[in-house]
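Peer 1:
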Amino acid sequence: MRVIDYDDIDTWTPWFDEIMAALASADLVDLLVAANPKYTNDAERLVVNAVGRKQLIPGLSAALEPFRVRVYHGTRVSADDAASIRAKGLQPLVLAERRSELVAILQRHPGWGEVSHRFDAALHDYGEKAKAGTRQDDRIHFCFSREGLLRGCNHYLCYGAEVDGHIAHDLFGDDSANALFAEHRRPLLVSWTAPYVEAEAAANPFGFDHDGMPSFMSCLLSAWAYQKAHPAYTIRQERDGVAGWFHGAIAADRLERVETLNDADLAP
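So that you can map any letter, position 177 of the sequence shown is 164 in the numbering used here, and since no number is skipped, the others follow by simple counting.
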């Protein structure tokens, strides 16, 4: 089984070479080299124009369907929650069930006494009333790029669930509670694989136009095309933040690795 780890472009590029050889003319790489594209999306646009969108997108979809994709979930949790993830897998966030943990952390804030009476209302607003757009409730978010999650969009690893910060900001009027979230939790990086079709759909949860290219397919194509023109290019240098979410739990036996990180791992 071939597994695409987005950052590891040197591993999946030969697979993509095989796919593109069946879809494009033999001179496509020469065309890319001659064009010397400045940006990755310039390289992608050149391929789309050379092959044709109507042929390229269905062709890539069919060829990539047998693959799996490695995805990464970053969070910052208590020791008990970390043990639970290792034993039971990743569970979708249910804000109401996190009340006791949030209180245990936020009550250490010097302004807690003045705002504690508003806590339950804030929890309700950001949970059942979806004040934050239900961006995390009942969902498990992920990034395709490990490096991007560690250094590009690492808020979750630095502080924990985004919605916790929304609640704290609503209560205290600033981000002063972030220091408490960081102090009383530890960063955890979880990886697993999903079928390509599921990963592609998860990265486009609201769908896309029938002639539009799914975002992860676009990531693969643009990186592949750009590296053909610029062989020294690596995805890790981009710290790419392309992400998505799955509904429902990820069972423990599906998890490949659960890493406890140090804050030094999150440094720019």
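All residues carry an ideal CB built from backbone N, CA and C; glycine is no exception.
1. Who are the near neighbours of H60 in its chain, counting only those whose CB is closer than 7 Å to its CB and skipping five residues on each side?
2. Please report how far the alpha carbon of A50 lies from the alpha carbon of H111, in whole angstroms.
3. When you compare the CB of L176 with every CB in chain B, is at least one pair closer than 8 Å?
4. How about G147 and G228: do their beta carbons lie closer than 8 Å?
5. Tell me, which residues are paired with P174 by DSSP?
6. Which residue wins for smallest C-alpha separation from L136, given the options S12, D252, I6?
7. What residue range is occupied by the uninterrupted alpha helix (DSSP H) comprising F203?
8. Roughly how many angstroms lie between the CA atoms of S209 and T247, to the nearest whole one?
9. Anyone know if the C-beta pair for D175 and I72 falls short of 8 Å?
10. Among R40, G231, F106, which has the Cα closest to the Cα of L89?
11. Decide if S132 is buried, meaning its Cβ has at least 16 other Cβ atoms within 10 Å, or exposed.
12. Could you give the DSSP three-state label for C130: helix, strand or coil?
13. State the DSSP-derived secondary structure class of L77, mapped to helix, strand or coil.
14. Take the Cβ of P201 as the centre, count every other Cβ of all protein chains shown within 10 Å, and call the residue buried at 16 or more, exposed below.
15. Looking at the structure shown, is I44 part of a helix, part of a strand, or coil, going by DSSP?
16. Quick check on R0: does DSSP put it in helix, strand or coil?
17. Enumerate in chain order the residues of its own chain whose CB-to-CB distance from Q42 is below 8 Å, with the five nearest sequence positions on each side excluded.
18. What are the residues that DSSP puts in a beta bridge with W232?
19. Look at the Cβ atom of L144, then the Cβ atom of R63, and state whether they are nearer than 8 Å.
Peer 2: Inspection of the coordinates gives the following:
1. On the sequence shown, position 73 is the one that residue 60 refers to. Answer for H60: L77, I127, H128, F129, V177, listed in chain order.
2. Here residue 50 refers to the residue found at position 63 when the sequence shown is read from its first residue. Here residue 111 refers to the residue found at position 124 when the sequence shown is read from its first residue. Approximately 45 Å between the Cα atoms of the pair.
3. You won't find chain B in this structure, because it holds only one protein chain.
4. Working through the sequence shown from its first residue, we reach residue 147 at position 160. Working through the sequence shown from its first residue, we reach residue 228 at position 241. No, these two residues do not count as a Cβ contact at 8 Å.
5. The residue given as residue 174 occupies position 187 in the sequence shown. R63.
6. In the sequence shown, residue 136 corresponds to position 149, counting from 1. Answer by Cα proximity: D252.
7. Locating residue 203 in the sequence shown gives position 216, counting from the first residue. Start and end: 202 to 216.
8. Along the sequence shown, one-based indexing puts residue 209 at 222. Along the sequence shown, one-based indexing puts residue 247 at 260. The straight-line gap from Cα to Cα measures roughly 32 Å.
9. Residue numbering aside, residue 175 sits at position 188 when the sequence shown is read from its first letter. Residue numbering aside, residue 72 sits at position 85 when the sequence shown is read from its first letter. The sequence shown places Leu at residue 175, not Asp. Cβ atoms of L175 and I72: closer than 8 Å.
10. Stepping through the sequence shown from its first residue, residue 89 is reached at position 102. Nearest of R40, G231, F106 to L89, Cα basis: F106.
11. Working through the sequence shown from its first residue, we reach residue 132 at position 145. Burial call: buried.
12. Taking the sequence shown and counting its residues from 1, the one referred to as residue 130 is at position 143. Reduced to three states, the DSSP call for C130 is strand.
13. For the purposes of this step, residue 77 is taken as residue 90 along the sequence shown, with counting starting at 1. In the structure shown, L77 sits in a strand (DSSP, three-state: E or B).
14. Sequence index remark: in the sequence shown, residue 201 carries index 214 (1-based). By the 10 Å Cβ count, P201 comes out buried.
15. Working through the sequence shown from its first residue, we reach residue 44 at position 57. If DSSP states are grouped into helix, strand and coil, I44 belongs with the helices.
16. Walking along the sequence shown from the start, residue 0 turns up at place 13. One detail in the question is off: residue 0 reads as Thr in this sequence, not Arg. In the structure shown, T0 sits in a helix (DSSP, three-state: H, G or I).
17. Translated into positions along the sequence shown, residue 42 becomes position 55. Counting only Cβ-Cβ distances below 8 Å, and skipping sequence neighbours, we find L10.
18. Working through the sequence shown from its first residue, we reach residue 232 at position 245. DSSP, once it has assigned bridges, lists H128 as partnering W232.
19. For the purposes of this step, residue 144 is taken as residue 157 along the sequence shown, with counting starting at 1. For the purposes of this step, residue 63 is taken as residue 76 along the sequence shown, with counting starting at 1. Closer than 8 Å, so yes.
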